[in-house]
């Protein structure tokens, strides 16, 4: 045996061959922790959880293929070169050579992330699906103050503000906004772009305070650097899809008066062409092309040309939601007072077809304009009141948007406590509790669509009763008789199904002749049958409980734990609903007592 021979070590298998710890990844890539975190953010690499943690629970694991993916990317060498260049700048400053340091800072290499965006999102739909977090972070930094200590540059804040306004201008002018909810954290928006629902959070327009201890700004800035590039790509694609030049050129006067969103809206009005306008300008060319195609098609296939024309028309048609949103505030002119959230209302009102102005420089029309229909105010007293318009609180605008109808303004008048602002992101039926104001909005929506809803305190089964509909005059007598017969047949079939299920649970053999026999003697022994049902009810409950226990025993430990957690969650939801109902009864009782006293 040779002198320097060493036996081969044990070959790695399983999770040890597929996963790698963070410390091993740092050695593999020869980078420090800060640079490794930045690389993972750029490349979209996240920690993994192997089924068996071969190095213990206190380690962070990554997939080996992800680390190899980072190792062979050119961005690694670019970041290393930037780090080496930063050391030159630090060295020049340490030697107090300010002239050299300034020259080096001006010539500092910039890293472009365009290739990484195209690599991570090969299709535009993929970028839209992943746009929630980028929009939330860009809107957050657009409202933050610049800080040298936190490394938040003025240039970055201005860029975030520009990107957020460009996105809002596109959503507003194409009427893609669907839901708005004002919360303590900020304002939640949801838009639908190319079939993808995109939800983001925008902070309130207040002075923001930067916390020192709880937030790691380096990580946020790394994410922001990638998200800025991604959002710029998305805006570019969306603007070009509607034949608008990007980046837009703004009016400097409006930009100086902090009305960038309105300046973008004016840019859209000048450059944006609707599908109808595009169709009008290109009609001659389209007719010529269709005439040429008609000569090329066989004479016995007239339907082919019709399908071609139909497909071209479908591309330009707007969906039903967009048409509905476009007409909500049609023929309405709004004026915003100084105390209301101007930026949010400038975004949402044009998105639903309204015209809006404000108090300040660059406004499209003045407060004294007699054609104004609604003035949005948020203070109890007004200097001058115009009788030709309605004065409402800002919540009325948001509630109208979520309800998709124009709500009555009496409850939102100045000085009154407005109704509860309900979240459009909550499914009341699924939660098990429907607030009173949600019922009111549902009735207003039904009235707008000429639908029939049950009266308060009644259910849908009351509407299904033909006698009630006959008494109310909604059905004729012949229709009521036919509906009653149909309902009787359905009830008989439902009873037969329950009888069959009951017999199966008791273990009896079922046959159609037995059912016929039961039907014949049902009139004679109805009392005995009811007694038997009462006796068999506990047995059915025990059988159902045993079946549930058996299915639980057959589950794995993990599945059983998930099932128990689901049961606990359902019980908690029921408890919350019962608590809300108890509070509601208590409030109604107090209100009734106060009314009697008065």
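In the working numbering, the protein residues as written are 25 to 622.
Heads up, the beta-carbon is just placed ideally off N, CA and C, and yes, glycines get one too.
The distance from the Cβ of residue 257 to that of residue 166 is about 18 Å, inconsistent with a contact at the 8 Å cut-off. Beta-bridge partners assigned by DSSP to residue 356: none are found.
Relative to the Cα of residue 182, the nearest Cα in the group 126, 46, 407, 162 belongs to 162. Shown here, residue 433 sits in coil according to DSSP, grouped into three states, outside any helix or strand.
Between residue 53 and residue 100, the C-beta spacing is below 8 Å. Residue 61 and residue 116 have their C-alpha atoms roughly 28 Å apart. When rounded, the separation of the alpha-carbon atoms in residue 63 and residue 102 is 11 Å. Spatial neighbours of residue 366 in its own chain (CB-CB distance under 8 Å, excluding positions within 5 residues in sequence) are listed in chain order as 229, 360, 382. With respect to the C-alpha of residue 253, the residue from 142, 344, 125, 107 having the closest C-alpha is 142. For the 8 Å CB-CB criterion, residue 191 and residue 159 form a contact. Between the alpha carbons of residue 343 and residue 474 lies a distance of about 22 Å. Taking C-beta separations shorter than 6 Å and ignoring five residues to either side along the sequence, the partners of residue 379 in its chain run 357, following chain order.
For residue 220, the beta-bridge partners assigned by DSSP are 217. Comparing alpha-carbon positions, the option among 385, 409, 418 lying closest to residue 400 turns out to be 418. In the structure shown, residue 107 adopts helical secondary structure according to DSSP, grouped into three states.
Between the C-alpha atoms of residue 424 and residue 226 there is a straight-line separation of about 20 Å.
For residue 457, same chain residues with a beta-carbon under 6 Å away, outside a window of 5 residues either side, are 601, 604 in chain order. Residue 250 sits buried, since 16 or more C-beta atoms from the chains shown fall within 10 Å of its C-beta. Of all alpha-carbon atoms in 384, 618, 374, 57, the one lying nearest the alpha-carbon of residue 202 is that of 374. Nearest Cα to residue 42 within the set 68, 69, 78: 78. DSSP places residue 171 outside any alpha helix (DSSP H), giving it a letter other than H or E. The alpha-carbon separation between residue 132 and residue 171 amounts to approximately 21 Å. In the pairwise beta carbon analysis, the stretch 404-421 is classified as touching the stretch 433-451: at least three pairs are separated by under 8 Å. Taking 8 Å as the cut-off, the beta carbon of residue 135 is found no closer than this to the beta carbon of residue 111.
Classified as exposed, residue 98 has fewer than 16 neighbouring CB atoms from the shown chains inside 10 Å of its CB.
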